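K.L.:
Please find one structure pasted underneath; my questions will follow.
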Amino acid sequence: MVSRVVFIMCLFYLQFSFSQEKQEYLSVNKFDLNKLPEFPQSEMKIIGFGAYHGSAKTEEAELLLLQAVLKNNDVRFYFPETDYSIAYYFNEYLQNGDEKLLKDLVQTYGTRVPQERSVEVFMKWKKLKAINDNLPPNKKIKVLGADPIVTYKYTCRHLLLLAEAEPNQWKKLSELKGMVEKDTANYSPYKESYSKKMLREFVADYQADTQNYRRFIKNQKQFDYLIATIKTSFGEYSREESIYNNYIALSKIYNYDEGLKFFRYGFAHLMKIREEEDFASFFTQLIENGVYKKEEIVSVLGYLTKSRVLWDDVFDKQGNYKKSTTKGGFGIGDYSKEYFKGIDGLKKQQVSDLSLFRLNQPHSPYRQKGCTDLIEVVTKPKPKHIIDYSKKSTADFIDYAVLLSHSKANTSLYKLSEE
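Heads up: the sequence shown at position 337 corresponds to 334 in this note's numbering, and the numbers run straight through without jumps.
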């Protein structure tokens, strides 16, 4: 009995000491993101930022982070969580400032990430344009998209930009143009829509007579890339593998060596090692396949506290927008029945509503094996499936954490339509 009490006391002491060590470490490795003069690191090739979707301050944090990174890095490519064609037209917006186009892009982009189909994301792009406008001509940011196709809407428009022929020279291209001009088709790649049928026929026709059609194509590499992503959309695929494969394919079109790549993606895509053996995130695949060294990729994840997220848009039977729902318990990662282990440590050290913490210093306690802070989600009741983190650490997964506090939920973009 005495030995058991001693063991429990020793265990408690070790846990307390480790907790104190982390607090001391965080106290000298924290920054106010609102006032950050420059990002603490510069020798990286990729930086990714993500948080739970749907909270307004996530967009603020992203822009502040991007501006800090730009102080000591050239950000050449910006990858939002979208496909190549939607990204292409985001570039168009950055050049021409067409807000009608921007609104439609954010709405279409939101097909994949509904919680970011929001006024805040719309405003984020307006601010991103202002940032880009102030960059020198040789340092402008180019938007690229490595995600699988979100909808066929901008894919079809993009194809028509890349190829031009008379109706009697390329019948299927002319039919595709007619569909786009009519603009009444369902552009979903997830069902056997009319647009999907048209694209199946277009791809089959192109592949049957490629040599003849090449003379009508303005940029063969971009066109072939689009055809490849369209073909992928016809069948079953792993989204994570597709993001990786698309990123590699785009490297053959664009010179990734020119500057830093900035990714704005969801939480799970930016982990640098496997949480479980059967799933490798996009960043993990880049490292495991030797595309980049682990230290060349920087992962920055956002954590919400005392905040809300946009959860869902509600429509009537006719498809008209009615209202939106928000959540502030489940879904933010800081709730009594669902929270990130160790988030209290960040809360004790926060310096503002947007506090940045560096976790990857050489002697960081977040490098200790078995430290699962900010990675392990504690749920009550306990889940049946328990992940083994004993040989992993927080700093194996991520490099920085941003604590976002008192953030309101995103406002649905459909509310902008009502005004």
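Every residue, glycine too, gets a C-beta built ideally from N, C-alpha and C. None of the values given here were measured: they were computed from a predicted structure.
When DSSP builds the beta bridges, which residues end up paired with residue 375?
P.N.:
Here residue 375 corresponds to residue number 378 of the sequence shown, with the count starting at 1. Per DSSP, 336.
K.L.:
Going by alpha carbons, who is nearest to residue 264 out of 34, 277 and 252?
P.N.:
Walking along the sequence shown from the start, residue 264 turns up at place 267. It is 277.
K.L.:
Just list the residues that DSSP pairs residue 215 with in beta bridges.
P.N.:
Position 218 of the sequence shown, counted from the start, is the residue given in the question as residue 215. For residue 215, which the question treats as bridged, DSSP gives no partner whatsoever.
K.L.:
Could you say if the region 19 to 34 and the region 339 to 346 meet the contact criterion of at least three C-beta pairs nearer than 8 Å?
P.N.:
Result yes; three or more Cβ-Cβ pairs closer than 8 Å.
K.L.:
Going by beta carbon distance, what residues of the same chain come within less than 8 Å of residue 177, once the five residues before and after it are set aside?
P.N.:
Your numbering for residue 177 matches position 180 in the sequence shown. Around residue 177: 153, 154 and 157.
K.L.:
Between residue 142 and residue 79, which are expected to be in contact by the criterion C-beta below 8 Å, what is the C-beta distance as a whole number of angstroms?
P.N.:
Here residue 142 is taken as the residue at index 145 of the sequence shown, counted from 1. Here residue 79 is taken as the residue at index 82 of the sequence shown, counted from 1. Yes, they are in contact, since the Cβ atoms of residue 142 and residue 79 sit about 5 Å apart, within 8 Å.
K.L.:
How long is the line joining the alpha carbons of residue 65 and residue 91, rounded to whole angstroms?
P.N.:
Position 68 of the sequence shown, counted from the first residue, corresponds to residue 65. Position 94 of the sequence shown, counted from the first residue, corresponds to residue 91. Cα to Cα, residue 65 sits roughly 20 Å from residue 91.
K.L.:
At what residues does the beta strand (DSSP E) containing residue 398 begin and finish?
P.N.:
Along the sequence shown, read from residue 1 onward, the residue named residue 398 stands at position 401. Looking at the DSSP string, the run of the beta strand (DSSP E) that includes residue 398 is 397 to 402.
K.L.:
Compare the C-alpha of residue 326 against each of 317, 340 and 304 and name the closest.
P.N.:
Within the sequence shown, numbered from 1, the residue matching residue 326 stands at position 329. The option with the nearest alpha carbon to residue 326 is 304.
K.L.:
What is the DSSP secondary structure of residue 405, counted as helix, strand or coil?
P.N.:
In the sequence shown, the residue the question calls residue 405 occupies position 408. Of the three classes helix, strand and coil, the one that applies to residue 405 here is coil, per DSSP.
K.L.:
Under a three-way DSSP split, which group does residue 412 fall into?
P.N.:
Sequence index remark: in the sequence shown, residue 412 carries index 415 (1-based). DSSP places residue 412 in helix when its eight states are reduced to three.
K.L.:
Helix, strand or coil: which one does DSSP assign to residue 52?
P.N.:
Counting from one through the sequence shown, the residue named residue 52 turns up at place 55. DSSP places residue 52 in strand when its eight states are reduced to three.
K.L.:
Use the C-beta contact count for residue 75: other C-beta atoms within 10 angstroms, 16 or more gives buried, fewer gives exposed.
P.N.:
Locating residue 75 in the sequence shown gives position 78, where the first residue counts as 1. Classification for residue 75: buried.
K.L.:
On the DSSP letters alone, give me the boundaries of the beta strand (DSSP E) that residue 322 sits inside.
P.N.:
Residue numbering aside, residue 322 sits at position 325 when the sequence shown is read from its first letter. 318 to 324 is the extent of the beta strand (DSSP E) around residue 322.
K.L.:
Less than 8 Å between the CB atoms is what I'm expecting for residue 102 and residue 83, so what's the real figure, rounded?
P.N.:
Taking the first residue of the sequence shown as position 1, residue 102 is located at position 105. Taking the first residue of the sequence shown as position 1, residue 83 is located at position 86. Correct: roughly 6 Å between the Cβ atoms.
K.L.:
For residue 331 and residue 411, which I take to be in contact (beta-carbon distance under 8 Å), what is that distance rounded to the nearest angstrom?
P.N.:
Counting from one through the sequence shown, the residue named residue 331 turns up at place 334. Counting from one through the sequence shown, the residue named residue 411 turns up at place 414. With a Cβ gap of about 28 Å, residue 331 and residue 411 do not count as contacting.
K.L.:
Figure out for me which residue from 335, 355 and 119 has the closest Cα to the Cα of residue 25.
P.N.:
As a first step, residue 25 is located in the sequence shown; it is residue number 28 there, counting from the start. Minimum Cα distance to residue 25 is reached at 355.
K.L.:
Is it buried or exposed for residue 362, if we count other Cβ within 10 angstroms and need 16 for buried?
P.N.:
Along the sequence shown, read from residue 1 onward, the residue named residue 362 stands at position 365. That one is buried.
K.L.:
In the DSSP assignment, what are the bridge partners of residue 160?
P.N.:
For the purposes of this step, residue 160 is identified with residue 163 of the sequence shown, where counting begins at 1. Paired residue(s): 214.
K.L.:
Within a Cβ cutoff of 8 Å, which residues of the same chain sit near residue 220, ignoring the five residues on either side of it in sequence?
P.N.:
As a first step, residue 220 must be located in the sequence shown, where it is residue number 223. The residues are 156, 159, 160 and 214.
K.L.:
Compute the Euclidean distance between the alpha carbons of residue 273 and residue 315, then round it to the nearest angstrom.
P.N.:
As a working mapping, residue 273 is identified with position 276 in the sequence shown. As a working mapping, residue 315 is identified with position 318 in the sequence shown. Each residue's Cα considered, the two are about 42 Å apart.
K.L.:
Rounded to a whole number of angstroms, what is the C-alpha to C-alpha distance between residue 391 and residue 283?
P.N.:
Numbered from its first residue, the sequence shown carries residue 391 at position 394. Numbered from its first residue, the sequence shown carries residue 283 at position 286. Whole-angstrom Cα-Cα distance: 19 Å.
K.L.:
Where residue 200 and residue 172 are concerned, what is the direct C-alpha to C-alpha distance, given to the nearest angstrom?
P.N.:
By 1-based counting over the sequence shown, the position of residue 200 is 203. By 1-based counting over the sequence shown, the position of residue 172 is 175. About 13 Å.
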